[in-house]
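Same order as they appear, the protein sequences are chains A and B. To convert, note that position 167 of the first sequence is 167 in the UniProt record's numbering; the numbers rise steadily by one, no gaps. To convert, note that position 2 of the second sequence is 2 in the UniProt record's numbering; the numbers rise steadily by one, no gaps. Backbone N, C-alpha and C fix where the C-beta goes; we use that ideal spot for every residue, glycine too. Note that the structure is predicted; figures quoted are calculated from it, not measured. One structure is given here, and the rest of the page talks about it.
Number of protein chains: 2
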Amino acid sequence: MADVARRAGVSTSTVSRAVRGVSTVSPEARSRVERAAQELSFALSRSASSLVTGKTGRVAVLTPGLPRAPWFLGTALTGLAEGLRDADLDLLAYVITDASERAAFFDRLPARRNADAVMVMSFILTEEERERLDELDVPLVFVSQHAPGRASVYIDDAAGARRGMRYLLNLGHRRIAHLQSAAVDSFVWSAYDRLVGYREALEEAGLPYDDALVVRAELNRPGIREAIGALLSEPQMPTAIFVEADDMAFEVMSVLRSCGIDVPGQISVLGFDDHPLAEMLDLSTVAQSAWHTGHTAAGLVSSILTDPDSDPARHIALPTHLIPRGSTAPPPADRLAEAAAEGPPPPGPTGDGA
Amino acid sequence: MADVARRAGVSTSTVSRAVRGVSTVSPEARSRVERAAQELSFALSRSASSLVTGKTGRVAVLTPGLPRAPWFLGTALTGLAEGLRDADLDLLAYVITDASERAAFFDRLPARRNADAVMVMSFILTEEERERLDELDVPLVFVSQHAPGRASVYIDDAAGARRGMRYLLNLGHRRIAHLQSAAVDSFVWSAYDRLVGYREALEEAGLPYDDALVVRAELNRPGIREAIGALLSEPQMPTAIFVEADDMAFEVMSVLRSCGIDVPGQISVLGFDDHPLAEMLDLSTVAQSAWHTGHTAAGLVSSILTDPDSDPARHIALPTHLIPRGSTAPPPADRLAEAAAEGPPPPGPTGDGA
DNA sequence: CTGAAAGCGCTTACAG
DNA sequence: CTGAAAGCGCTTACAG
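In structure tokens form, the structure reads like this:
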């Protein structure tokens, strides 16, 4: 910077002001500085700036290993990165893939004094971990998690699930199963809230909640097959399956078809996410915008950092929307009749059964 | 740090040496410093350290928006992050999603003086861009790209494609199509090298290269359907399709089945990647380890940074392996016979055709 | 609008 | 093995 000052014939104070775009610099001085900076291809050392301002210009992002939910996390991170860049903040990534790394992170808190804010993506933190992060004494923003008293951004999963269920109900389905992942360590909130939405929609429609229609599956082919076996061996098969996430739904479609069940002719399948393959594989789904989630979170962190009046515990719930595709259809007429005979509120003039 | 020194009853010099684990500190002094640091929950300011050492402890990673290839990029980034963490380096992510961001990045070079090394993931850089990066005057490591004269880590795509092709050939296939993505902006190297491997394997087997069997498709259902239409309307259908990437292969299987063609009964489908859904959807594939790619690259950057003797232009090609699953099988006997009648080297004692 | 000077929190010769 | 002192490259009152 001293070189630039010398070349521009001004003091380093002026160079500093000029390169940061502070207003109180005469146009001539500014242009001389800009020329000199250009010629010497000068760039500010953030380290030096940080030392005096106490701001690093960086946001630490704590994220699980991406393979855990590659589409969601990858897309959300991309939105986050774009939002931070627009706010001129650098993104310092802390990727945590297992328990020992997790312990090490919260023990050493390497982000300390290294970032102006910390964002936590899709992590279900323990109370101790949350307290540890508070010690960093920087704003915290939670993504995909409702953290009471802290800023957070998340998809309105319950509303999304209700939306998806209403669609299936509108198609005429009355026996709708819900398939959840048995993985306990990842998106607990989402899974829980989606189940809430499932129940609410049933209630809205005046249908009973049937425990046997809610099944959990390990995230692999045998696991899914077993869960589907449970549904197919009920006294009465469901006419639709609302699956917690698209990647499971792909598998569900594949398993159903492999055992000769037509989708959607006999059973409709509805997913949640709008994974890129959903369009390819023609899966109806409740879309959530992972990108938007990340981008909104970046905007929130930026406003907390720059606007002292902003609410540091603001909650933002993002909407979802239904994307109907080829994996859903009205239930087969005969089975609709059966269902109508048994289900409490006979929706149309069809009746008589076993 | 001054507080720690006071509390420990030593100078800041000693504190500095102790917290960095420099050897020339007496055990008593060290333990006193450690106690004091603990009590005050002290952590070094990287900004201040950087200012004097000139090292930031950070590596900048330039990556396309993850949705472009979520599985590969996400997984590779995870491996990269783990490798950097092990080397005690922070990961500064620069996510570039469009041309204007790209231009802005290379214009401003925000990583300048902000990172000790720069890694470029899956970007096909122009010569000017590469020169711009050289101006940063830090080591460069390319991931998923062969950059002459610069360090790089990549999958051996040609060998992987040969491996996959040999498998199909060993099963008895003689008419094997190759389906590539028409997307021009992403993994050009991979696509090119996979095609090279395809041709080499044909040559090895003494089979002719047939232009009509190599098709390109847009990455959406209509695009894939059109490409498959081209193959199905050849005088003689292929008995196997080697697809450039798993996500396209899923679609290929889906399209083939939707038009009543049995996979693998009539046509075998082989992918490339070992995408997580490949196992679920029972797709045979040539596996590459994206995680390993990232992790290896992190190791390379770390060795370049710490070992002055390390080769700053080292190339590391990573292996692939075949994962046979249910989407591949020997060709149907009748069509094998036809193919044998036409193809140059009749492999077995089967012959006579149209 | 501009500059001289102090200081941010470290590390590192240097002297002991 | 330890400490006093200089200095890394900036920003920011302060005075003009």
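- Excluding five sequence positions before and after A/A191, the CB atoms of its chain that fall closer than 7 Å to its own CB belong to Q180, S181, E244, given in chain order.
- By the CB criterion at 9 Å, B/V59 and B/L77 fall outside the cutoff.
- Within chain A, the residues placing a beta-carbon under 8 Å from that of B/V95 are L77, T78, A81, E82, R85, L91, ordered along the chain.
- For A/E82, the number of other beta carbons within 10 angstroms of its own is at least 16, and it is reported as buried.
- Taking 9 Å as the threshold, the shortest C-beta distance from B/T12 to chain A does not fall below it.
- When C-alpha distances from A/A18 are compared across A/R30, A/G54, A/T12, the shortest belongs to A/R30.
- Exclusion of the five residues before and after B/L62 leaves Y94, V120 as the residues of its chain whose Cβ lies within less than 6 Å of its Cβ.
- Those residues of the stretch 243-254 of chain A placed with their C-beta closer than 8 Å to a C-beta in chain B are D247, F250, E251, S254, ordered along the chain.
- Within the stretch 170-237 of chain B, the complete alpha helix (DSSP H) runs of at least 4 residues fall at 188-204, 221-232.
- In the structure shown, the three-state DSSP call for B/R58 is strand.
- Within the stretch 15-48 of chain B, contact with chain A at the beta-carbon level (separation under 8 Å) is assigned to S41, A43, L44, S45, R46, S47, A48.
- With respect to A/R113, B/A43 sits close: the two C-beta atoms are nearer than 9 Å.
- Proximity of the stretch 285-300 of chain B to the stretch 227-234 of chain B falls short of the contact definition, fewer than three beta-carbon pairs being nearer than 8 Å.
- Its chain contains P139, L140, V141, F142, L300, V301, I304, D311, P312, A313, R314, H315 as the residues whose beta carbon lies nearer than 8 Å to that of B/A151, once the 5 sequence neighbours on both sides are disregarded; these appear in chain order.
- Just so you know, the alpha carbons of B/S49 and B/E135 end up roughly 24 Å apart.
- The alpha-carbon separation between B/T14 and A/G54 amounts to approximately 24 Å.
- Interface annotation, A/T296: not in contact with chain B, CB-CB separation never under 9 Å.
- Membership of B/F42 in any beta strand (DSSP E) is not indicated, and neither H nor E is assigned to it by DSSP.
- Contact note: A/E279 reaches chain B through N220, R221, using a C-beta cutoff of 8 Å and chain order.
- A residue is called buried once 16 or more other Cβ atoms fall within 10 Å of its Cβ, and A/Y209, having fewer, is exposed.
- Assigned with DSSP and collapsed to three states, A/F105 falls in helix.
- Chain-ordered listing is empty here: chain A has no CB closer than 8 Å to the CB of B/G299, the nearest sitting near 16 Å.
- Neighbours of B/E135 across chain A, judged by C-beta separation under 9 Å: S41.
- The Cβ of A/P324 sits no closer than 9 Å to any Cβ of chain B.
- The Cβ atoms of A/L283 and A/G164 do not sit closer than 9 Å to each other.
- For A/S284, the uninterrupted beta strand (DSSP E) run begins and ends at 284-288, by DSSP.
- Within the same chain, Cβ atoms closer than 6 Å to the Cβ of B/E129 are found at F106, the five residues on either side in sequence being excluded.
- B/G21 and B/E39 have their C-alpha atoms spaced approximately 18 Å apart.
- In the DSSP secondary-structure assignment, B/T320 is bridged to B/Q288.
- For the C-beta of A/T56, the chain B residues within less than 8 Å are, from N- to C-terminus, S47.
- Taking a C-beta distance under 9 Å as the contact criterion, B/D157 and B/D193 qualify as a contact pair.
- Fully enclosed beta strand (DSSP E) runs of no fewer than 3 residues occupy 90-96 of the stretch 63-98 of chain B, in order along the chain.
- At least 9 Å separates the beta-carbon of B/F250 from that of A/L207.
- Excluding five sequence positions before and after A/R325, the CB atoms of its chain that fall closer than 8 Å to its own CB belong to A278, E279, D282, L283, S284, T285, given in chain order.
- Nearest CB-CB separation between B/S303 and chain A: not below the 9 Å threshold.
- One Cα belongs to A/A2, the other to A/S41, and the distance between them is close to 13 Å.
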